[in-house]
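Protein chains in written order, with my numbering: chain A, 1 to 271; chain B, 272 to 393.
Backbone N, C-alpha and C fix where the C-beta goes; we use that ideal spot for every residue, glycine too.
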């Protein structure tokens, strides 16, 4: 299908209707060419005085989000920020927890579940400090971001060493991930690879899970989140990993595929 | 226009299904396209306008004849056209809910659109 120029139209599936061009148009074109040549000759004298145009600064673009779709205590919004399409999942009045193993399909209390800590490709182990109900299942603090849950209260961000000790003492849960945004500033990992990205985000008093619609670099994803107004964000497992949410009519809607791994772990919100 | 035809846009993450009668217009936004629906909802999809045009032609062959591609930036539903003023470059659409959408396009393209609608009346 031929691309149109701005002066053409076509009924979809038919050839384009082109503007009528009479002989007068040829005459106008000839006159224009003559004018341009004269202007070039006259302009030669003043070439040295030419000024350099100031480049236009790059602008951030935040499109109007599509109307929110609110399910039972879960709001889903699609938007585009800096050309990065994002889906934002806002659980409301829900209790967060961390669990090993995929949530059950018949779990009617489930609002949202998303894979939390990364799994090692070589041995299936969990990457970074990982604690469930006070039990330490993995260690490692190379990833500087953390998420902690104590008595259903969710905390996440940069650091977390002291919080980890508190989690162990209080019987809470904890995992580590990359930091994407801290204090409103994008702080992406240096990896330049592109993939579908997800993040746990805080915007003021709101907490949401953000998922990119396209394959994005960490840099572009983190920048888009910061431009959206996210103040703190840590990465969640991206790529084609499983995300489940409670959709209309009590149905569980799943995105991605389940990971066949005994250590697959999920950050879960329940009503 | 057939009401049984649907435009279905799928990605690895989701699926969007729009009945032929629901689409009022589509507007290019770089590599994305905004779809404006009969109820006023606006959805951004990760398709260029040309790709969307091909999808409409393939998936909704009957309904496609009720849509017009205008220049590089617009696809509009013909029966939503309320007002055209070519010399001002103004195109006004209305949806069944009574909402008006004022768009702009080149004068030449709007002159062609005006003529096309006038011809359909003869």
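Among the options, which one has its Cα closest to the Cα of residue i?
| i | options | result |
| --- | --- | --- |
| residue 283 (chain B) | A:219, A:209, A:267 and A:197 | A:197 |
| residue 242 (chain A) | A:265, A:177, A:75 and A:217 | A:265 |
| residue 186 (chain A) | A:220, A:213, A:207 and A:205 | A:220 |
| residue 312 (chain B) | B:287, B:332, B:326 and B:319 | B:287 |
| residue 204 (chain A) | A:230, A:257, A:11 and A:269 | A:230 |
| residue 269 (chain A) | A:77, A:15 and A:99 | A:99 |
| residue 202 (chain A) | A:16, A:235 and A:218 | A:235 |
| residue 182 (chain A) | A:8, A:159 and A:141 | A:159 |
| residue 239 (chain A) | A:258, A:246, A:4 and A:228 | A:258 |
| residue 193 (chain A) | A:12, A:209 and A:215 | A:215 |
| residue 365 (chain B) | B:352, B:377, B:358 and B:357 | B:352 |
| residue 111 (chain A) | A:263, A:126, A:90 and A:173 | A:90 |
| residue 153 (chain A) | A:138, A:166 and A:10 | A:166 |
| residue 375 (chain B) | B:342, B:369 and B:390 | B:342 |
| residue 331 (chain B) | B:391, B:321, B:383 and B:278 | B:278 |
| residue 324 (chain B) | A:86, A:108 and A:14 | A:14 |
| residue 252 (chain A) | A:76, A:118 and A:106 | A:106 |
| residue 296 (chain B) | B:390, B:345, B:371 and B:276 | B:345 |
| residue 131 (chain A) | A:141, A:237 and A:74 | A:141 |
| residue 179 (chain A) | A:170, A:217, A:222 and A:172 | A:222 |
| residue 321 (chain B) | B:310, B:305 and B:334 | B:305 |
| residue 281 (chain B) | B:293, B:317, B:389 and B:300 | B:317 |
| residue 284 (chain A) | A:199, A:135 and A:12 | Only positions 1 to 271 of chain A appear in the structure, and residue 284 (chain A) is not among them; the question remains open. |
| residue 385 (chain B) | A:3, A:232, A:9 and A:225 | A:9 |
| residue 174 (chain A) | A:189, A:155, A:188 and A:7 | A:155 |
| residue 92 (chain A) | A:232, A:208 and A:83 | A:208 |
| residue 303 (chain B) | A:12, A:82 and A:2 | A:82 |
| residue 378 (chain B) | B:391, B:363 and B:356 | B:356 |
| residue 109 (chain A) | A:74, A:135 and A:138 | A:74 |
| residue 370 (chain B) | B:276, B:298, B:293 and B:310 | B:310 |
| residue 210 (chain A) | A:5, A:115 and A:4 | A:115 |
| residue 190 (chain A) | A:143, A:147, A:164 and A:170 | A:143 |
Which residue marks the beginning of the alpha helix (DSSP H) containing residue i, and which one marks its end?
| i | result |
| --- | --- |
| residue 169 (chain A) | 161-170 |
| residue 387 (chain B) | 378-392 |
| residue 329 (chain B) | 320-330 |
| residue 267 (chain B) | Residue 267 (chain B) lies beyond the residue range present for chain B, which begins at 272 and ends at 393; the question has no answer from this structure. |
Ends of the beta strand (DSSP E) at residue i?
| i | result |
| --- | --- |
| residue 219 (chain A) | No beta strand (DSSP E) contains residue 219 (chain A), which is instead part of the alpha helix (DSSP H) from 218-228. |
| residue 304 (chain B) | 303-308 |
| residue 157 (chain A) | 153-158 |
| residue 340 (chain B) | 338-341 |
| residue 177 (chain A) | 173-177 |
| residue 243 (chain A) | 243-246 |
| residue 149 (chain A) | 145-150 |
| residue 281 (chain B) | 277-281 |
| residue 273 (chain A) | In the structure displayed, chain A extends from 1 to 271; residue 273 (chain A) sits before or after that span and is not available. |
| residue 365 (chain B) | 361-365 |
| residue 313 (chain B) | 313-316 |
| residue 349 (chain B) | From DSSP, residue 349 (chain B) is part of no beta strand (DSSP E); its letter is neither H nor E. |
| residue 239 (chain A) | No beta strand (DSSP E) holds residue 239 (chain A); DSSP gives it neither H nor E. |
| residue 255 (chain A) | 252-255 |
| residue 290 (chain B) | 286-290 |
| residue 298 (chain B) | 294-300 |
| residue 131 (chain A) | 130-132 |
| residue 135 (chain A) | 135-138 |
| residue 258 (chain A) | From DSSP, residue 258 (chain A) is part of no beta strand (DSSP E); its letter is neither H nor E. |
| residue 9 (chain A) | 9-11 |
| residue 127 (chain A) | Per DSSP, residue 127 (chain A) belongs to no beta strand (DSSP E) and is neither H nor E. |
| residue 267 (chain A) | 265-270 |
My understanding is that residue i touches residue j, with C-beta atoms under 8 Å, so please give their C-beta distance in whole angstroms.
| i | j | result |
| --- | --- | --- |
| residue 263 (chain A) | residue 125 (chain A) | 7 Å |
| residue 87 (chain A) | residue 76 (chain A) | 6 Å |
| residue 360 (chain B) | residue 381 (chain B) | 7 Å |
| residue 336 (chain B) | residue 11 (chain A) | 6 Å |
| residue 327 (chain B) | residue 338 (chain B) | 6 Å |
Counting only Cβ-Cβ distances shorter than 9 Å, please list the residues of the region 227-238 of chain A near chain B, keeping chain order.
none
Between the region 279-301 of chain B and chain A, which residues of the former have CB atoms less than 9 Å from a CB of the latter, in chain order?
282, 283, 284, 285, 300 and 301
Report the start-end ranges of each beta strand (DSSP E) in the region 187-211 of chain A that is 3 residues or longer and not cut off at the edges.
194-203
Relative to chain A, which residues along the region 365-391 of chain B have a C-beta separation below 9 Å, given in chain order?
376, 377, 378, 379, 380, 381, 382, 383, 384, 386 and 387
Listed from N- to C-terminal order along the chain, which residues in the region 186-203 of chain A have their beta-carbon within a distance smaller than 8 Å of any beta-carbon of chain B?
196
Along the region 131-152 of chain A, what residues have a CB closer than 8 Å to any CB found in chain B?
Result list empty, no residue passes.
Please identify, using Cβ separations under 8 Å, the residues of the region 202-219 of chain A that lie next to chain B, in order along the chain.
211, 213 and 214
So within the region 76-108 of chain A, which uninterrupted beta strand (DSSP E) runs reach at least 3 residues, ignoring any that extend past its ends?
84-91 and 95-100
Which residues, in chain order, does the region 78-93 of chain A contribute to contact with chain B at a C-beta distance below 9 Å?
Of all residues in the region 78-93 of chain A, only 78, 79, 80, 83, 85 and 87 come within less than 9 Å of chain B when Cβ atoms are compared, listed by chain position.
Cβ-based contacts, 8 Å cut-off: residues of the region 310-332 of chain B near chain A:
312, 313, 314, 315, 317, 321, 324, 325, 327, 328 and 332
Any residues in the region 99-121 of chain A with a beta carbon nearer than 9 Å to a beta carbon of chain B? Which ones, in chain order?
none
Chain-ordered residues of the region 1-12 of chain A with a beta carbon less than 9 Å from chain B
1, 3, 4, 5, 6, 7, 8, 9, 10, 11 and 12
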